[in-house]
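Throughout the sequence shown, residue numbering follows our numbering, covering 1479 to 1745 in sequence. Positions of the beta carbon are idealized from the N, C-alpha and C atoms, including for glycine.
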Amino acid sequence: MHAGGVHKYSSTDFIICGERCTMGRLDGKVIVLSAAAQGIGRAAAIAFAKEGAQVTATDINGEKLKELDSVQGIKTKVVDVTKKDQVEALAKEHEHVDVLFNVAGFVHHGSVLDCEEADWDFTMNTNVRSMYLMCKAFLPKMLEKKSGNIINMASVASSIKGVVNRCVYSTSKAAVIGLTKSIAADFIDKGIRCNCVCPGTVDTPSLRGRIQAQPDPEEAYKAFMARQKTGRMCTAEEVAYLCVYLASDESAYVTGTEQIIDGGWRL
1479 MHAGGVHKYS STDFIICGER CTMGRLDGKV IVLSAAAQGI GRAAAIAFAK EGAQVTATDI
1539 NGEKLKELDS VQGIKTKVVD VTKKDQVEAL AKEHEHVDVL FNVAGFVHHG SVLDCEEADW
1599 DFTMNTNVRS MYLMCKAFLP KMLEKKSGNI INMASVASSI KGVVNRCVYS TSKAAVIGLT
1659 KSIAADFIDK GIRCNCVCPG TVDTPSLRGR IQAQPDPEEA YKAFMARQKT GRMCTAEEVA
1719 YLCVYLASDE SAYVTGTEQI IDGGWRL
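Below you can see the structure in the form of structure tokens.
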């Protein structure tokens, strides 16, 4: 029993006046994220809400996004984060935001010789420009409060590791790492921190779709599994656990970092 009659029951449960009260790791935090309809974005949105956050989950896939409407703590909105007007409108709807999580991305398959200008432009627009637009729209609100937390989705396939047939994707994710470090350095003395998450191979609907699109899906799957040093792929939920940590005050002294979660793939 501690002073004031409060007994710590566990890391999240407290007994107050004889009643157990659950305190989430993200209680009271307002979080906005993109690409929440499936995969890592969806898992993170649910994990954030379960920890007590007020979550605005966005995506361009309205049908899939609606599946989150039943989750307490989540409100959904169809937003194309590559469109400046839609991003600015989204920012105006929020008086303040504690955490911005930029997840939207696209994986192009091929070397530089397989990458047409349209592929390059589409990938950079989706993977990098969208984050630039979101950061530029929401950062002023964070600066007003002298408090803010930005998380960007990067990848081990970037400046961290050269990966076969991931030319423009890896280039875009290296740019995300650079953007992350730049924001962290520019605003470190203004209460802002910025980190990026760098997964390896994550078992998501996007990955499964890319495997099925290959001429020989079975061989494509075997190729992905062959590079998994742990013998399995990462799950979206495992990445979401890391995102909860970065979104929480537990990581208050962490900024400008690449948080690698790849099962040792880069080794």
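Open item on the list: For ALA1635, list the residues DSSP reports as bridge partners.
Closed with: The residue labelled residue 1635 in the question sits at position 157 within the sequence shown. For ALA1635, which the question treats as bridged, DSSP gives the partners LYS1639.
- [ ] Would you give the residue range spanned by the alpha helix (DSSP H) that THR1658 belongs to?
- [x] Within the sequence shown, residue 1658 is the residue found at index 180, counting from 1. First-last of the alpha helix (DSSP H) with THR1658: 1645-1664.
Open item on the list: Which of the three DSSP states is assigned to GLU1728 in this structure?
Closed with: Here residue 1728 refers to the residue found at position 250 when the sequence shown is read from its first residue. Judged by DSSP in its simplified three-state form, GLU1728 adopts helix.
Task: Whole-Å CB distance - ILE1518 paired with VAL1654, under 8 Å assumed - done: Residue mapping note: residue 1518 aligns to position 40 of the sequence shown, counting from 1. Residue mapping note: residue 1654 aligns to position 176 of the sequence shown, counting from 1. Contact flag wrong, Cβ pair sits at about 14 Å.
- [ ] Return the first residue and the last residue of the alpha helix (DSSP H) that PHE1526 is part of.
- [x] For this step, residue 1526 is matched to residue 48 along the sequence shown. First-last of the alpha helix (DSSP H) with PHE1526: 1517-1528.
- [ ] Answer yes or no: do ASN1643 and HIS1587 have a C-beta to C-beta separation smaller than 8 Å?
- [x] Position 165 of the sequence shown holds residue 1643. Position 109 of the sequence shown holds residue 1587. Result yes, Cβ atoms of ASN1643 and HIS1587 sit closer than 8 Å.
Task: Between the CA atoms of ASP1694 and CYS1674 - distance to the nearest angstrom - done: Taking the sequence shown and counting its residues from 1, the one referred to as residue 1674 is at position 196. Taking the sequence shown and counting its residues from 1, the one referred to as residue 1694 is at position 216. A straight line joining the alpha-carbon of CYS1674 with that of ASP1694 spans about 33 Å.
Open item on the list: For SER1633 and CYS1676, which I take to be in contact (beta-carbon distance under 8 Å), what is that distance rounded to the nearest angstrom?
Closed with: Residue numbering aside, residue 1633 sits at position 155 when the sequence shown is read from its first letter. Residue numbering aside, residue 1676 sits at position 198 when the sequence shown is read from its first letter. Indeed they touch by this definition, with Cβ atoms about 6 Å apart.
Task: With 16 other Cβ atoms within 10 Å as the buried cut-off, status of SER1648 - done: The residue given as residue 1648 occupies position 170 in the sequence shown. Buried, because 16 or more other Cβ atoms sit within 10 Å of the Cβ of SER1648.
- [ ] Sort out for me which residues DSSP pairs LYS1542 with in a bridge.
- [x] Position 64 of the sequence shown holds residue 1542. Beta-bridge pairing by DSSP links LYS1542 to no other residue.
Open item on the list: On the DSSP letters alone, give me the boundaries of the alpha helix (DSSP H) that ASP1599 sits inside.
Closed with: Here residue 1599 corresponds to residue number 121 of the sequence shown, with the count starting at 1. 1595-1602 is the span of the alpha helix (DSSP H), which, as asked, contains ASP1599.
Task: Residue interval of the alpha helix (DSSP H) (run including PRO1677) - done: Indexing the sequence shown from 1 puts residue 1677 at position 199. Counted as a single uninterrupted DSSP element, the stretch harbouring PRO1677 is not any alpha helix (DSSP H) but the beta strand (DSSP E) occupying residues 1670-1677.
Task: Where VAL1680 sits in the DSSP three-state scheme - done: Locating residue 1680 in the sequence shown gives position 202, where the first residue counts as 1. In the structure shown, the three-state DSSP call for VAL1680 is strand.
- [ ] Compare the beta carbon distance of GLN1516 and THR1682 with 8 Å and say whether it is the shorter of the two.
- [x] For the purposes of this step, residue 1516 is taken as residue 38 along the sequence shown, with counting starting at 1. For the purposes of this step, residue 1682 is taken as residue 204 along the sequence shown, with counting starting at 1. In this structure, THR1682 lies closer than 8 Å to GLN1516 by Cβ.
- [ ] Output the distance between the C-alpha atoms of ALA1714 and LYS1624, rounded to the nearest integer angstrom.
- [x] As a first step, residue 1714 is located in the sequence shown; it is residue number 236 there, counting from the start. As a first step, residue 1624 is located in the sequence shown; it is residue number 146 there, counting from the start. Just so you know, the alpha carbons of ALA1714 and LYS1624 end up roughly 31 Å apart.
Open item on the list: Within 10 Å of its beta-carbon, does VAL1590 have 16 or more other beta-carbons around it, so buried, or fewer, so exposed?
Closed with: As a first step, residue 1590 must be located in the sequence shown, where it is residue number 112. The C-beta of VAL1590 has fewer than 16 other C-beta atoms within 10 Å across all chains shown, which makes the residue exposed.
Open item on the list: Distance check for ALA1531 and MET1501, CA to CA, integer angstroms please.
Closed with: Working through the sequence shown from its first residue, we reach residue 1501 at position 23. Working through the sequence shown from its first residue, we reach residue 1531 at position 53. Using only the alpha carbons, I get a separation of about 11 Å.
Task: GLN1668 versus LEU1617, VAL1646, CYS1645 and GLY1687, residue with shortest Cα-Cα distance - done: As a position in the sequence shown, residue 1668 is number 190, starting the count at 1. For the sequence presented, residue 1668 should be read as Lys rather than Gln. Considering only alpha carbons, the answer is LEU1617.
Task: As assigned by DSSP and simplified to three states, the class of LYS1553 - done: On the sequence shown, position 75 is the one that residue 1553 refers to. Three-state DSSP puts LYS1553 in a strand.
Open item on the list: Could you tell me the alpha carbon to alpha carbon distance between LYS1700 and TRP1743, rounded to whole angstroms?
Closed with: For this step, residue 1700 is matched to residue 222 along the sequence shown. For this step, residue 1743 is matched to residue 265 along the sequence shown. When rounded, the distance between both Cα atoms is 15 Å.
Open item on the list: Counting C-beta neighbours from all protein chains within 10 Å, is the total for ASP1592 16 or more, i.e. buried, or is it exposed?
Closed with: Residue mapping note: residue 1592 aligns to position 114 of the sequence shown, counting from 1. Per the 10 Å Cβ criterion, exposed.
Open item on the list: For VAL1508 and MET1602, I'd like the C-alpha separation in whole angstroms.
Closed with: On the sequence shown, residue 1508 is found 30 positions in, with the first residue counted as 1. On the sequence shown, residue 1602 is found 124 positions in, with the first residue counted as 1. Between VAL1508 and MET1602, the alpha-carbon positions lie close to 28 Å from each other.
Open item on the list: Between the alpha carbons of GLN1737 and VAL1646, how many angstroms are there, rounded?
Closed with: For the purposes of this step, residue 1737 is taken as the residue at position 259 of the sequence shown. For the purposes of this step, residue 1646 is taken as the residue at position 168 of the sequence shown. Whole-angstrom Cα-Cα distance: 21 Å.
Task: PHE1579 in three-state terms, based on DSSP - done: Locating residue 1579 in the sequence shown gives position 101, where the first residue counts as 1. Correct three-state label for PHE1579: strand.
- [ ] State the Cα-Cα distance for the pair THR1604 and ARG1503, rounded to the nearest angstrom.
- [x] Counted from its first residue, the sequence shown places residue 1604 at position 126. Counted from its first residue, the sequence shown places residue 1503 at position 25. Cα atoms of THR1604 and ARG1503: separation of roughly 31 Å, rounded to the nearest angstrom.
TODO: Would you give the residue range spanned by the alpha helix (DSSP H) that GLU1566 belongs to?
DONE: Here residue 1566 corresponds to residue number 88 of the sequence shown, with the count starting at 1. Per DSSP, GLU1566 is one residue of the alpha helix (DSSP H) stretching across 1562-1570.
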